[in-house]
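A.B. asks: Residue numbers (the numbering used here): 2 to 99. Before I ask anything, here is the structure I am working with.
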Amino acid sequence: KNRTRVLLFSTRGVTSRQRHLMEDLRKLLPHSKKEPKLDTKDKITVANEVAEMRNCDTVLLFEARKHQDLYLWMAKTPSGPSVKFNVVNVHTMDELKF
């Protein structure tokens, strides 16, 4: 079986709306694992070590800065490519009316 295990976590300082976005993403990903918050004093490279300990090969890290800017780091561990997105206009599934 080819399962891609995804580690989904954030730095400290994310707002409640951003946490709901993370939870919505976690529900969409079948083999995702949660992790407590990453301390902002640590470097981003610590995310690779945490992923290896949790036996995950992909990392989604939400980095909050100044309680308003949100960045999404996506990376293949341990040495794969990584990409950084600036997240704007966040709407959670609870806010949408279907």
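In this text, a Cβ means the ideal position worked out from N, Cα and C, and glycines have one as well. What you are looking at is a predicted structure, and each value in this text was computed from that prediction instead of being measured.
(1) Beta-carbon separation of Leu62 and Val89 under 9 Å?
(2) For Glu36, name the three-state secondary structure that DSSP assigns.
(3) Which of the three DSSP states, helix, strand or coil, is assigned to Leu9?
(4) Give the DSSP bridge partners of Thr46, in chain order.
(5) Rounded to a whole number of angstroms, what is the C-alpha to C-alpha distance between Gly14 and Glu64?
C.D. replies: So, to answer that:
(1) no
(2) coil
(3) Residue state, collapsed to three classes: strand.
(4) Paired residue(s): none; Thr46 is not in a bridge.
(5) 8 Å
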